[in-house]
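I have placed the structure first, in the form of structure tokens, so that the comments after it can refer back to it.
Protein chains: 6
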Amino acid sequence: MSKLISLFGEYLLRLTPPQQQKMIQADTLEMHWAGSEANIAVSLSIFGDEAKYITALPDNELSRAGISAMRKYGVNPAIHYKDGRVGTYYYESGQGARPGKIIYDRQYSSLSLLQPGELKWEELLHDSDWFHWSGITPALNENTALISKEALQAAAAKGITISADFNYRSTLWKYGKSCREVMPELLQYCNVLLADVDTAKLYFGIDPDPANLVEDTFRLLKQVMPGLGTIAMTMRVQESASSNQYTGYLWHDNEIYQSRPYNIQQIAERIGAGDAFMGGLIHKLYNKQPFQDAIEFATACGVIKHSITGDFNVATKVEVETIMQQKGSGKIIR
Amino acid sequence: MSKLISLFGEYLLRLTPPQQQKMIQADTLEMHWAGSEANIAVSLSIFGDEAKYITALPDNELSRAGISAMRKYGVNPAIHYKDGRVGTYYYESGQGARPGKIIYDRQYSSLSLLQPGELKWEELLHDSDWFHWSGITPALNENTALISKEALQAAAAKGITISADFNYRSTLWKYGKSCREVMPELLQYCNVLLADVDTAKLYFGIDPDPANLVEDTFRLLKQVMPGLGTIAMTMRVQESASSNQYTGYLWHDNEIYQSRPYNIQQIAERIGAGDAFMGGLIHKLYNKQPFQDAIEFATACGVIKHSITGDFNVATKVEVETIMQQKGSGKIIR
Amino acid sequence: MSKLISLFGEYLLRLTPPQQQKMIQADTLEMHWAGSEANIAVSLSIFGDEAKYITALPDNELSRAGISAMRKYGVNPAIHYKDGRVGTYYYESGQGARPGKIIYDRQYSSLSLLQPGELKWEELLHDSDWFHWSGITPALNENTALISKEALQAAAAKGITISADFNYRSTLWKYGKSCREVMPELLQYCNVLLADVDTAKLYFGIDPDPANLVEDTFRLLKQVMPGLGTIAMTMRVQESASSNQYTGYLWHDNEIYQSRPYNIQQIAERIGAGDAFMGGLIHKLYNKQPFQDAIEFATACGVIKHSITGDFNVATKVEVETIMQQKGSGKIIR
Amino acid sequence: MSKLISLFGEYLLRLTPPQQQKMIQADTLEMHWAGSEANIAVSLSIFGDEAKYITALPDNELSRAGISAMRKYGVNPAIHYKDGRVGTYYYESGQGARPGKIIYDRQYSSLSLLQPGELKWEELLHDSDWFHWSGITPALNENTALISKEALQAAAAKGITISADFNYRSTLWKYGKSCREVMPELLQYCNVLLADVDTAKLYFGIDPDPANLVEDTFRLLKQVMPGLGTIAMTMRVQESASSNQYTGYLWHDNEIYQSRPYNIQQIAERIGAGDAFMGGLIHKLYNKQPFQDAIEFATACGVIKHSITGDFNVATKVEVETIMQQKGSGKIIR
Amino acid sequence: MSKLISLFGEYLLRLTPPQQQKMIQADTLEMHWAGSEANIAVSLSIFGDEAKYITALPDNELSRAGISAMRKYGVNPAIHYKDGRVGTYYYESGQGARPGKIIYDRQYSSLSLLQPGELKWEELLHDSDWFHWSGITPALNENTALISKEALQAAAAKGITISADFNYRSTLWKYGKSCREVMPELLQYCNVLLADVDTAKLYFGIDPDPANLVEDTFRLLKQVMPGLGTIAMTMRVQESASSNQYTGYLWHDNEIYQSRPYNIQQIAERIGAGDAFMGGLIHKLYNKQPFQDAIEFATACGVIKHSITGDFNVATKVEVETIMQQKGSGKIIR
Amino acid sequence: MSKLISLFGEYLLRLTPPQQQKMIQADTLEMHWAGSEANIAVSLSIFGDEAKYITALPDNELSRAGISAMRKYGVNPAIHYKDGRVGTYYYESGQGARPGKIIYDRQYSSLSLLQPGELKWEELLHDSDWFHWSGITPALNENTALISKEALQAAAAKGITISADFNYRSTLWKYGKSCREVMPELLQYCNVLLADVDTAKLYFGIDPDPANLVEDTFRLLKQVMPGLGTIAMTMRVQESASSNQYTGYLWHDNEIYQSRPYNIQQIAERIGAGDAFMGGLIHKLYNKQPFQDAIEFATACGVIKHSITGDFNVATKVEVETIMQQKGSGKIIR
């Protein structure tokens with residue numbers, strides 16, 4: 002029987018002034034659709050995996066546009082229609098020294114208004130053998146934290162592989178509970194994790210040795226989440242304001258796999274590289290490819306996303322592999 | 002001492018797919034700024050009156066863009082900064098037989114979250130000799146209805162002239178009180194009113210004689226709002242799907258003044274004609290011009306607005322007067 | 002077991018200068034995707050039916066863009082990848098007295114290069130209970146005529162309902178056989194037909210009585226295609242250069258059902274109205290709705306398409322029904 | 002030896018807000034190139050005649066863009082480089098009842114700064130057998146009036162056919178001489194004239210009989226300009242705000258030739274119809290076609306120009322002939 | 002009583018081909034508004050100071066658009082309406098090795114046609130306690146040089162603080178007097194100056210010691226303009242074609258204050274950095290902030306302007322301060 | 002008698018998603034016109050040489066747009082109209098690490114359908130004293146290889162100077178003959194050649210000494226093509242992913258002339274640099290300028306093309322010379 006990857010999270014409309022304009026200069030806004038888990042669903046679908054995206058939206062023309070935007074890339078939408086808003090964010094992209102700027106307008110989204118028990122996880126996950134979520138959903142409010150737990154319990158009960166992304170957002174977590182109170186319990190359910198050093202400190206109070214940062218972070222994360230089978234991280238070294246060295250790392254069964262490093266310049270878009278990486282990683286792990294292949298592919302996904310506008314990584318597998326072969330030189334393909 | 006016209010209402014961001022696209026076809030959205038009272042403030046300012054626009058907005062870059070959009074036309078913004086959202090609506094403009102479509106996304110706007118007593122009307126109105134509001138604000142929730150009353154009481158106490166627009170919105174009035182319970186009390190404070198027959202029935206249960214519709218509506222409105230000095234209405238006769246006859250009427254002191262009728266074809270935008278009319282009317286009354294002149298000018302404002310995209314009537318006084326002289330023939334001005 | 006509607010035809014890229022420009026004035030071209038059967042597939046999918054679109058395309062990024070364009074609306078693509086081109090047409094849209102202009106660049110498309118026997122119809126139609134095709138495919142060349150016949154034989158053998166659109170194109174039929182030699186045989190397989198008077202003459206030599214045009218055409222078509230269960234036509238009466246009266250007619254079991262007539266003005270796009278009509282008709286017949294309902298809905302689909310840019314009718318069922326209720330007046334939906 | 006048509010006049014940059022925006026709403030302006038005589042040169046070149054356009058421009062990148070814009074359509078530029086500006090006009094196009102609006106910014110153009118004797122007409126006209134000018138050039142200042150006379154004298158001396166367009170512009174003629182003092186003398190040199198009733202009154206004090214307007218105007222014009230061989234006029238009857246009846250008339254040798262009348266609706270652009278008409282007329286007369294053919298073709302040129310954005314009539318001969326055959330119905334050409 | 006900063010200069014329309022196109026490739030032009038003093042007025046207004054901008058413009062729709070462009074940012078326009086043109090410049094922005102290119106079309110602007118005595122400086126400056134001008138105005142012609150002197154005398158008589166920018170333009174100064182004859186006298190009135198080494202040589206014949214360039218230039222400027230209280234400069238060191246080191250310097254009371262140096266890469270716009278710097282500087286000095294703070298803020302204003310398209314620095318105070326804190330790293334603000 | 006440069010090759014429509022979008026993200030495509038020899042013809046014409054471009058196209062509106070695109074820059078089109086298509090390519094431009102991607106859709110172009118003997122070379126070349134072709138034309142099919150030979154024989158017989166560009170395209174040469182079988186014979190006719198090391202190996206099996214690459218390649222090319230008078234090459238050293246060192250080399254009469262090296266960063270377009278170089282080279286050689294000047298100018302043409310979007314190098318001679326003077330620093334020209 003055909004199996005698939007289910008993902009759960011908030012779907013967001015992104016509105017961006019064109020051509021690096023500031024908001025106050027703009028007369029039009031570019032529409033993009035986003036959401037960490039939706040971004041990953043799009044990657045998986047493009048890479049050939051069947052992906053089901055579970056979310057809540059109001060039943061209107063704007064949602065319809067959003068649903069069509071994911072269908073375009075082959076994602077299977079599982080929409081729970083509910084009064085409320087389409088979560089939105091405004092993104093003024095940066096230029097040179099000027100930082101990009103996000104204005105969140107995601108309050109009162111349909112997803113954030115969900116009540117515990119409202120989503121029927123038994124049914125939603127009946128055809129899945131992988132489930133992905135991230136730290137954004139429990140950061141919205143107490144109910145979405147509870148619903149995340151419901152989903153994880155249902156997935157675990159079914160023996161479904163669970164992956165997560167730390168995805169800490171400092172502008173969320175405003176509902177009275179700290180991330181440290183909520184996240185460790187939820188993360189116990191996970192088999193595969195995309196982590197980062199700063200968030201590891203926030204969620205678990207982990208303090209890795211800077212002299213041995215990658216290895217020690219992996220070691221400490223495994224200590225606090227003994228159920229984890231695979232952990233991934235990316236590291237950036239900022240060589241100058243416009244040049245980053247970017248490398249991927251994967252821990253599995255006490256081995257660390259490291260990608261070749263990329264020098265990233267001329268960035269078209271700074272958003273969504275982590276989701277692109279995670280999409281590549283899940284794809285490779287879901288299809289049981291070798292770990293070295295997985296980290297190389299995932300890292301190249303992160304690299305190519307810096308060249309693509311919008312939150313989705315719309316590159317094909319062949320295009321990601323070209324990045325790996327060309328080592329990022331950008332030579333024209335005729 | 003210099004006096005001015007204050008207006009109070011919700012300021013809205015309007016997002017519209019370009020070139021009559023449907024939302025599902027769009028990749029970009031045009032940004033316009035709107036709100037019945039803001040639209041009137043822009044008209045007044047362009048016509049040379051000093052206009053102060055009182056509203057509540059969150060303190061972010063999006064609000065800043067909105068404030069600059071009214072400043073551009075000379076409106077004096079009086080912003081009460083408050084957490085919440087920028088009220089938004091999506092407008093898919095119609096084409097031919099296909100109707101335009103509005104998706105409201107105005108819930109949880111900063112203005113709708115205002116608490117009674119939060120706005121200091123004594124101070125806000127200290128420099129005003131005219132105050133304008135509309136039926137949209139009390140339709141949002143109980144608090145905005147109370148705040149509307151606070152404003153009206155303060156204005157009345159100061160002897161400020163008060164104008165209102167019925168502005169009934171069927172998609173609002175969801176908070177437990179009907180418009181019939183709320184509006185009659187608020188409208189007692191008004192001196193100048195923009196009315197329409199359908200809403201007169203809803204607010205007051207008035208049932209005018211169809212054989213004598215305009216006159217009888219004026220008569221009945223004066224009965225239920227004895228304080229009214231001036232009442233205006235516009236009437237449309239739809240001659241065909243793409244052609245409307247449009248006429249303005251003004252009642253004052255038992256006289257009825259009627260504008261020349263216009264045949265409106267090739268409509269660029271169906272939104273904001275009422276506000277354009279009211280802007281023209283207030284301008285003429287505020288500057289104590291003859292009533293016949295007032296209704297002719299106001300009606301021409303309504304006519305020209307059908308040719309202007311966006312919610313604001315950005316036409317100048319000279320341009321409105323050209324409409325009156327050309328009788329809508331559209332001959333090029335070299 | 003879930004059943005679906007399969008459709009077979011050539012998928013076309015349409016390139017159009019923006020804003021009624023002539024080709025010689027253009028610096029950019031708008032991309033649309035088209036093809037009579039693809040247009041219908043999109044309608045069906047939006048209306049809630051499962052639609053599978055069978056075509057041949059080269060395996061490149063342009064095809065990928067085209068496939069994503071139909072996926073966006075929920076169509077299930079069944080692509081036979083094959084060397085050759087993406088069939089293309091350039092469309093300079095008309096304005097006022099200036100006629101629109103089509104430049105076909107569809108030669109050597111992958112579909113036109115198909116060999117008989119290359120498509121495995123047994124397998125392609127295994128999950129279908131309705132099959133749709135049109136007169137465009139056999140007009141391309143001898144092979145596509147043969148392949149059309151293969152498809153029809155396979156569908157008939159499986160007892161699948163077959164619908165067709167006459168779709169005569171005078172610029173095709175260049176391969177040595179006339180439409181009159183080819184089409185009558187293929188149309189014998191059909192149960193449901195979208196016909197028109199001029200093409201009926203070309204395909205069958207039918208010469209209906211002008212005094213009784215609709216009825217007599219239906220009668221004569223039934224004579225030459227005795228297997229037909231349902232026949233539809235639309236009639237346009239051109240009242241002036243910019244105003245058309247448009248009515249739909251349906252024949253079934255010796256009854257004729259007629260839609261309300263629409264007066265169509267302010268046309269945004271003259272292409273695709275027939276496909277929109279056929280999409281509405283198949284939807285209603287597939288779901289076994291009453292014939293009067295079917296012709297009213299199909300005709301309103303044709304009407305609303307005149308207001309939508311691009312070849313696809315992207316309107317929802319509710320929007321089509323609004324046209325029926327508003328009778329094409331175009332009043333804003335708030 | 003190959004002969005050609007020379008034209009002399011001011012070349013103008015036209016800047017227009019896109020999509021019927023008002024200037025105050027615009028962030029971008031569309032660039033078009035214009036000038037009555039340049040517009041005619043483009044028409045002639047597209048129709049297959051060799052056209053040389055004589056003007057003065059400053060030597061900069063803006064002029065270079067303007068020259069390339071006429072070269073694009075095959076016109077042969079004869080540029081006299083001279084300090085000064087590129088004459089410019091801003092055109093806010095009208096919509097519905099709102100009139101279009103022209104802001105001239107043509108002062109101090111290189112052409113307007115020309116000194117008598119500066120252009121060497123002997124040499125400029127050495128390869129020409131037709132010369133065209135219009136009433137705009139002598140309206141600029143005393144020098145351009147004198148230079149017009151120099152050109153006419155040189156052309157007359159060479160026996161070149163001379164055509165003219167009245168082209169009265171009320172916003173010009175500011176230099177102390179009235180059009181009545183200047184134009185009659187210059188027009189004595191002309192063989193072919195595009196006239197209109199209102200300007201005939203201004204230039205010559207002619208007062209034709211309204212009951213017999215076309216014929217009487219022709220008669221009176223011939224009286225005051227006895228050298229004229231051919232006179233043309235177009236007449237508009239405004240049936241409603243959005244519908245014009247448009248007819249062309251030609252006088253030659255005491256015969257009047259009249260085109261079929263067109264009903265013009267849905268106007269894309271109100272500028273340049275007269276120049277399109279004149280381009281069609283000169284083309285037919287230059288190639289010695291019958292007068293009835295000439296007036297039909299010229300009138301259809303005027304009609305199709307209403308559907309084309311920008312000052313140039315970029316339609317081909319075949320397209321103009323299609324208008325004549327379709328009688329303006331606008332049916333798609335596949 | 003409320004005081005404000007008055008600025009005087011020529012207001013310019015800037016027209017730029019989009020997306021680094023060359024003029025000859027463009028079909029549209031982006032509209033920006035500019036003028037050294039207007040740019041500074043916008044900065045001041047955004048930073049919270051009251052700014053009045055004094056200029057002359059013709060009374061037309063184009064001027065109206067320009068005035069609304071400054072009003073948008075809160076500037077108070079003091080327009081002297083006068084026949085003439087809107088000064089214009091065309092800017093083809095550079096890309097990589099290709100230099101940007103300015104075509105001035107500013108002759109015969111209303112401001113350049115001003116007569117001495119025409120502006121009533123007593124009245125214009127009655128509410129000001131700071132006055133800013135630059136070397137562009139006296140470079141236009143003898144009258145604007147005289148008018149600059151009138152303004153300076155009036156300001157000096159009122160005891161208003163006067164700031165100036167050297168702003169030498171080699172393409173101006175064509176009217177018979179050299180900058181060396183005119184500028185020294187005018188600069189004697191100034192209290193605050195933005196200088197640069199090259200212009201110092203031109204205006205005063207100063208020849209600073211290259212080994213000690215900044216200090217020596219300050220010293221020599223103070224010698225020739227003993228009334229100066231504060232002098233500022235920026236220095237660029239071009240590290241490579243696409244990378245500049247940019248540092249600000251301030252002299253006051255024999256102290257030199259130096260900003261942190263910035264490495265500027267990926268430049269969106271090379272125009273207006275000096276005005277952005279001056280806007281930041283005047284803001285800090287007007288509000289009597291410490292000199293080190295002033296030079297850091299002014300320099301960060303110059304830096305952020307390189308990332309903003311158009312002549313105005315539309316960044317807020319908070320955004321400039323973020324540049325100072327992030328040291329130009331461009332990290333996204335969520 | 003006036004002489005000119007004739008060029009022969011396939012003219013191509015290029016369609017590119019705007020702003021570095023991927024094809025799957027695009028709703029519009031930018032139209033450019035291209036073809037190696039057409040690109041050179043445009044350069045020559047802009048530099049002041051008379052250029053005639055010989056090609057075959059179908060007779061439709063798309064060809065008309067293409068012809069007008071070369072006429073715009075002054076090229077003299079010599080079009081052989083013939084059924085078939087307009088050769089097309091889709092170009093997804095790269096960004097950062099993401100490579101650009103070309104999808105050819107040039108099959109069945111009118112030029113590729115030409116039969117030997119169909120073009121009348123005697124007549125086509127009667128007014129030429131230079132002829133240019135490239136390795137793309139014989140790569141299309143056996144007929145275009147034969148036609149190339151016909152052209153070369155006719156040119157040689159007339160004593161016309163012949164230039165060629167190796168222009169190897171790996172995606173062509175599919176018709177059964179290898180480039181090694183075809184090209185050496187054709188290249189024997191050439192006097193001036195643009196070569197590159199990799200193609201030299203493919204066409205002639207040449208294997209130059211890497212330690213002395215430029216010199217040895219020149220030496221070996223001269224051995225196999227003894228008729229060559231002048232050979233040119235460009236060399237790129239990729240310093241990093243976004244930075245190239247670019248140098249031009251010219252061999253003539255046993256002398257090697259080398260240009261100053263340029264460091265190319267921030268590339269707007271990677272296509273057409275070779276043609277820009279060749280255009281500059283032919284211009285200088287045709288006008289008998291010194292060889293050092295020729296290689297400097299040609300190399301600067303290649304450099305500036307990296308900053309210009311579209312296949313044509315639209316820069317003027319003055320602009321190329323500015324690159325030479327500024328050494329690529331990009332300083333604004335006021």
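Protein chains in written order, with the numbering used here: chain A, 2 to 335; chain B, 2 to 335; chain C, 2 to 335; chain D, 2 to 335; chain E, 2 to 335; chain F, 2 to 335. The C-beta atom is built at its ideal place from N, Cα and C for all residues, glycine as well. Bear in mind the structure is a predicted one, so any value in this text is a computation, not a measurement.
- Trp34 of chain E has its alpha-carbon roughly 6 Å from the corresponding atom of Arg15 of chain E.
- With a threshold of 16 other beta carbon atoms within 10 Å, Ala299 of chain A meets it and is buried.
- The Cβ of Ala269 of chain A sits closer than 8 Å to at least one Cβ of chain F.
- With its beta carbon at least 8 Å from every one in chain D, Ser69 of chain B lies outside the interface.
- Within the same chain, and ignoring the five residues on either side of Tyr90 of chain A in sequence, the residues whose Cβ sits closer than 7 Å to its Cβ are Leu13, Arg15, Ile103, Ile104, Tyr105, Asp106, Arg107.
- For Phe132 of chain D, the three-state secondary structure derived from DSSP is strand.
- If you look at Met279 of chain D, you'll find it in the alpha helix (DSSP H) that goes 274-287.
- Using a Cβ-Cβ distance cut-off of 8 Å, the segment 116-128 of chain E and the segment 143-157 of chain E are in contact, since at least three pairs of beta carbons, one from each stretch, lie closer than that value.
- Listed as beta-bridge partners of Ser110 of chain B by DSSP are B:Arg86.
- Setting aside the 5 residues that flank it on each side, Ala70 of chain D is surrounded in the same chain by Trp34, each with a C-beta closer than 7 Å to its C-beta; the list follows chain order.
- Inclusion of Leu112 of chain F and Ala42 of chain F in the CB contact set at 8 Å is not warranted, their separation being larger than that value.
- The beta carbon of Thr162 of chain E sits closer than 6 Å to the beta carbons of Trp131, Asn192 from its chain, once the five residues preceding and following it are set aside; these are given in chain order.
- For Lys53 of chain F, the enclosing beta strand (DSSP E) stretches over residues 52-58.
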